[in-house]
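Residue numbers (this note's numbering), protein chains in the order written: chain G, -4 to 140; chain R, 130 to 471.
Take a look at the structure set out below.
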């Protein structure tokens, strides 16, 4: 009887230690940014800040970036920035992690640029003009036709 | 009397089993072998040595099988494993791989050994000498990393070249030049430009200097939101656009030259050999499909997905659980307040 109990105990210890560790993601959720009517324009990552961003915009925003005319009216952008982190499934890969901020840029009917922060804080050491310049520095990602 | 009868029965049974065992050996076709290939080109001696000791017995044309491995019915299982292993990675055919493929293979090898998926735990039980030490895994890792160090970021003017290429394509289209047919993968999956209207579910980079954008169709997005991965619903589709990295003057890395478009399409019945996922890859600006036969995914794609991404239904690019529920709820609340000002 003792032997049986010992074997049962041993096998349960082995089973528990071989089973997947309790994930440390308690209270954490998956997040997919809902850009609404805006389309994906481009992505970028900043190795120094360890951040990863996705830029979305409407058709006018795409036109604004594609032309030298930066006064395109009624353009609307959203720049979504995440912490960059190691891919838990694949060494060598980095993925977008925790949501850090959502910034917006709009042009009014006269083409005036209006910057805003929908969520989070402006990155340290940067001002509004630098952030606007960052938006406008993006190029629309190109796919084969 | 009963005792004699029982002994007789036992003898007949043992004779039948013995005879069956002998007959089985007539159906025991040995797996094809080739002479040893020597050191892998471009791979350091210490790495080659590790691979040779730990992997070659399945992943090459040169097997050193034990006596028991050659006896049917064990040999049937062994031969099946070897055939499958050779399909995925055959070190005897290393020279046939492109530099990019070699780099990709080494990342896959490292990820497999790091996760303890290779050598197969069942194989280690009977071949303990194949087990890799931490130092050996680190040696493979350092070599995989060194493969990426050879690459520099592509110069910025490549983007300009790309844009010019696209402009040229558009000009051809405007002139009414016939557009090529939609590319089709050998397994029937077509290049689908609709992904541009799908939701971006994630972004990733790889040390091989690529930058990736991952899209999911409505079915896939709903499946992710509901954690419905086991199995993913039929009709789920994921598209991954892969670009080379370009470094901008401000230090940010952005998508450069287009590399390929990858798809995973869920159809349980149609792609039963690859866990219900159909794979497709379209390379370069010509969108040239990967694979010579419909079986290419069984030989190159599913192995890593099966071993390393089983927890998310064999898909790597599910957004990780890293955002606190409170943080996202706060963001959504802020968004709602902006939409409905008091």
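The C-beta atom is built at its ideal place from N, Cα and C for all residues, glycine as well.
The structure displayed is predicted, hence computed values, not measured ones.
If you look at residue 78 of chain G, you'll find it in the beta strand (DSSP E) that goes 71 to 81. Under the Cβ criterion of 8 Å, residue 117 of chain G is not counted among the residues facing chain R. Contact between residue 40 of chain G and residue 336 of chain R does not hold, since the beta-carbon distance rounds to 13 Å and is not under 8 Å. Taking residue 23 of chain G as reference, the option from R/259, R/456, R/463, R/462 with the minimal CA-CA separation is R/456.
Around the C-beta of residue 331 of chain R, 16 or more other C-beta atoms lie within 10 Å, and the residue is accordingly described as buried.
Under the DSSP definition of a beta bridge, residue 138 of chain G lacks any partner. Within its own chain, the residues whose Cβ lies closer than 7 Å to the Cβ of residue 405 of chain R, once the five positions on either side in sequence are excluded, are 360, 395, 396, 397, listed in chain order. DSSP places residue 96 of chain G within a strand segment (E or B) once states are collapsed to three.
The straight-line gap separating the alpha-carbon atoms of residue 349 of chain R and residue 185 of chain R is approximately 38 Å. Counting other Cβ atoms within 10 Å of its Cβ, residue 465 of chain R stays below 16 and is therefore classed as exposed. Against chain G, the beta carbon of residue 240 of chain R has neighbours under 7 Å at 85, 86, listed in chain order.
For the segment 82 to 112 of chain G, the set of positions with a beta-carbon nearer than 8 Å to some beta-carbon of chain R reads 82, 83, 84, 85, 86, 87, 88, 89, 90, 91, 92, 93, 94, 97 in chain order.
Boundaries of the alpha helix (DSSP H) around residue 429 of chain R: 425 to 429.
8 Å or more divides the Cβ of residue 230 of chain R from the Cβ of residue 182 of chain R.
DSSP places residue 408 of chain R in the uninterrupted beta strand (DSSP E) bounded by 406 to 412. For residue 245 of chain R, the nearest beta carbon of chain G is not closer than 8 Å to its own beta carbon. Chain G has a Cβ within less than 8 Å of the Cβ of residue 450 of chain R. Using a Cβ-Cβ cut-off of 9 Å, residue 41 of chain G is close to 379, 380, 381, 382 of chain R, given in chain order. For residue 343 of chain R, the pairing in a beta bridge is given by DSSP as R/331, R/369. Residue 172 of chain R places its beta carbon 8 Å or farther from that of residue 269 of chain R. Between the alpha carbons of residue 119 of chain G and residue 112 of chain G lies a gap of roughly 14 Å.
Contact of residue 454 of chain R with chain G by beta-carbon distance below 8 Å involves 22, 23, 24. Taking the Cα positions, residue 228 of chain R is about 13 Å away from residue 275 of chain R. Distance from residue 246 of chain R to residue 436 of chain R at the Cβ level is roughly 4 Å; contact confirmed, criterion being Cβ atoms closer than 8 Å. Note on residue 53 of chain G: 16 or more other CB atoms within 10 angstroms of its CB, so buried under the neighbour-count rule. Under the three-state reduction of DSSP output, residue 197 of chain R falls in the helix class. Along the segment 437 to 449 of chain R, going in chain order, the ones with a CB nearer than 9 Å to a CB of chain G are 437, 438, 440, 441, 445, 446, 447, 448, 449.
With respect to residue 367 of chain R, residue 403 of chain R sits apart: the two C-beta atoms are not nearer than 8 Å.
If you ignore the 5 residues before and after residue 35 of chain G, its C-beta comes within less than 7 Å of the C-beta of 49, 51, all in its own chain and listed in chain order. If you keep only unbroken alpha helix (DSSP H) runs of at least 4 residues inside the segment 186 to 263 of chain R, you get 203 to 217, 228 to 243, 250 to 255. Taken through DSSP and simplified to helix, strand or coil, residue 275 of chain R comes out as helix.
Across the set G/25, G/33, G/28, the C-alpha of G/33 shows the shortest separation from the C-alpha of residue 326 of chain R. In this model, residue 320 of chain R and residue 236 of chain R are separated by some 27 Å (Cα to Cα).
The Cβ of residue 200 of chain R sits no closer than 8 Å to any Cβ of chain G.
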